[in-house]
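Taking it in order: structure first as structure tokens, then the write-up.
Residue numbers (my numbering): 9 to 194.
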């Protein structure tokens, strides 16, 4: 059975987001990310990933990313230097605004492939719009693939740049220390 934890980000009893993480001996596997719908488009996914990376570094565990199905998370991982293990499904991603709020526009030269991957329900939940033409200022990312992490130094530099306003500090209380040691061991 899998051992998992969720790194939850909250403020004033409101969940801002979370990162589901599989815990293995000596490693963390990023399994996804969720950002509160009201806060999407504010750059929190980069901030959350930077904190997660710092936590992994403090615990001295290696990291990887499970198969990623969310286009924005794929872009954020690439921003931090993660490399897609497969380039079989490239898509173009751009953000835009509409009456409904922030939208994620997705385009591919193979529109049938997009409709087979992104169900109507998933599109609605994620604020995704399938574009008929390649959006301006789009970025290429890859879907339905795992991602490999770059070297630890590059990850820490990217996390530190994102968290330039502060640093993650862990409690030295006995209960917290025991929990952290348990996480290290998987």
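Cβ coordinates follow ideal geometry from the N, Cα and C atoms, glycine included. Given the structure is predicted, the values throughout are model-derived calculations rather than measurements.
If you drop the 5 nearest sequence neighbours on each side, which residues of the same chain put their C-beta closer than 6 Å to that of residue i?
| i | result |
| --- | --- |
| residue 160 | none |
| residue 60 | 15, 27 |
| residue 64 | 36, 71 |
Distance, Cα to Cα, residue i vs residue j?
| i | j | result |
| --- | --- | --- |
| residue 116 | residue 88 | 24 Å |
| residue 140 | residue 114 | 9 Å |
| residue 69 | residue 22 | 29 Å |
| residue 49 | residue 181 | 36 Å |
| residue 168 | residue 137 | 33 Å |
| residue 120 | residue 151 | 15 Å |
| residue 186 | residue 67 | 12 Å |
| residue 24 | residue 134 | 16 Å |
| residue 132 | residue 92 | 25 Å |
| residue 32 | residue 62 | 17 Å |
| residue 12 | residue 44 | 21 Å |
Are the beta-carbon atoms belonging to residue i and residue j less than 9 Å from one another?
| i | j | result |
| --- | --- | --- |
| residue 90 | residue 73 | yes |
| residue 170 | residue 57 | yes |
| residue 85 | residue 40 | no |
Mapping DSSP to helix, strand and coil, what is residue i?
| i | result |
| --- | --- |
| residue 10 | coil |
| residue 171 | coil |
Quick one: what's got a C-beta closer than 7 Å to residue i's C-beta in the same chain, skipping five residues either side?
| i | result |
| --- | --- |
| residue 157 | 71, 72, 90, 163 |
| residue 149 | 79, 82, 83, 86, 99, 101 |
Excluding the 5 residues preceding and the 5 following residue i in the sequence, name in chain order all residues of the same chain whose CB lies nearer than 8 Å to its CB.
| i | result |
| --- | --- |
| residue 51 | none |
Beta strand (DSSP E) runs wholly inside the region 78 to 132, at least 3 long, in chain order: 98 to 106, 109 to 115
Inside the region 15 to 77 only - alpha helix (DSSP H) runs reaching at least 4 residues: Fully enclosed alpha helix (DSSP H) runs of 4 or longer: 52 to 66.
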